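**Student:**
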Amino acid sequence: MIGLNSTISHASLLEIIEAISKSESIEELIGVGKALASVKLGLYHLIPVVGAKNYDQLNRFWTTGLDQIVHDYLKLKSKRSDPPLKFTIDQGRPYWMSDLLMVEQLSGGRERHRINLALEFLGDGLLVPLFGPYHRIGYVYLGFNSPKEFFDDVYPWQVQAILQAAHIRYCILVESLKTSVRLTDRESEVLELITFGKTNPEIGIILGISTSTVSGHVKRIFLKFDAKDRVTVALRAQSFIR
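For reference, each letter of the sequence shown is one residue, going 1 to 242 in our numbering.
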């Protein structure tokens, strides 16, 4: 299980990736992740494509094990540039949060303060950039119950391989859902943000459209899923069978 051992054996790595690749619904994929991971906390962000003006922002995310104060902080600061995120994605490799303190371009007062703040409230953990099909970029933070020194040097790369497989599978399932239910590109974006727990005003801010326009998209999504509320839509989207 991820997080319990200092490294992951080759056999276990292959077994985990195979289980992820066989997931036939978003709900099943989430279940596989919960069964395989033993982490103190986790954040999974979806980021606009590299080159977009806001690809360095944290405005779409799922969390687990996160204190409410940190969750609220992320929502408040979601539209601001996040230098550690941009650096990690630009490098395309995993980093321990504490290692970023040694990066010269992140050594400025504001960037260093942001990293120290994260270490104070989240503790040290792995920052992992993810790259998937359909121009989807992901970004994960994992905090463990054991310190960084417990894990082997190869461990961050093993975790990235596992998360990369899960991110690719997620992207494929979301695209399949969009095609099957005949969602427009915008409806697909709105649905995804609904499953992230975003409100209509928050969705409007993230997508740069009015709240009334979001409401129109939500109504059409409800009709296509034969649902009357957001929870039902989210559950039906997650249980979609490819």
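Think of the CB as a built atom: it goes at the ideal place given N, C-alpha and C, for glycine as much as any other residue.
What you are looking at is a predicted structure, and each value in this text was computed from that prediction instead of being measured.
Residue ranges of each beta strand (DSSP E) run of no fewer than 3 residues wholly in the region 17 to 75, ordered along the chain?
**Tutor:** Listed in chain order, they are 41 to 47, 61 to 64.
**Student:** Measure from the alpha carbon of THR195 to the alpha carbon of each residue in GLN68, THR184, SER239, then state which is nearest.
**Tutor:** Among GLN68, THR184, SER239, the Cα nearest to that of THR195 belongs to SER239.
**Student:** Buried or exposed for THR88, going by 16 or more other Cβ atoms inside 10 Å?
**Tutor:** The residue is buried, with at least 16 neighbouring Cβ atoms inside 10 Å.
**Student:** With a threshold of 16 other CB atoms inside 10 Å of the CB of GLU192, please say whether the residue is buried or exposed.
**Tutor:** Buried is the call here.
**Student:** Grab me the residues of GLU175's own chain with a C-beta within less than 7 Å of its C-beta, minus the 5 sequence neighbours each way, in chain order.
**Tutor:** So the list reads TYR134, once near-sequence residues are dropped.
**Student:** So, LEU130 versus LEU163, is the Cβ gap smaller than 7 Å?
**Tutor:** Cβ distance < 7 Å, so LEU130 and LEU163 count as in contact.
**Student:** According to DSSP, simplified to helix, strand and coil, what is ILE2?
**Tutor:** In this structure, ILE2 counts as strand in the three-state DSSP scheme.
**Student:** At which residue ranges does the region 110 to 143 contain complete beta strand (DSSP E) runs of 3 or more residues, listed in the order of the chain?
**Tutor:** Runs of the beta strand (DSSP E) inside the region 110 to 143: 125 to 131, 137 to 143.
**Student:** Based on Cα-Cα distance, which residue from TYR155, GLN91, LEU74, GLY92 lies nearest to SER146?
**Tutor:** When each option's Cα is compared against that of SER146, the closest is TYR155.
**Student:** Strictly by DSSP, which residues pair up with TYR95?
**Tutor:** For TYR95, which the question treats as bridged, DSSP gives the partners LEU127.
**Student:** Write down the C-beta distance between ARG136 and ILE20 rounded to the nearest angstrom, noting that I regard them as a contact closer than 8 Å.
**Tutor:** Between ILE20 and ARG136 the Cβ distance is about 16 Å, and since that is not below 8 Å, they are no contact.
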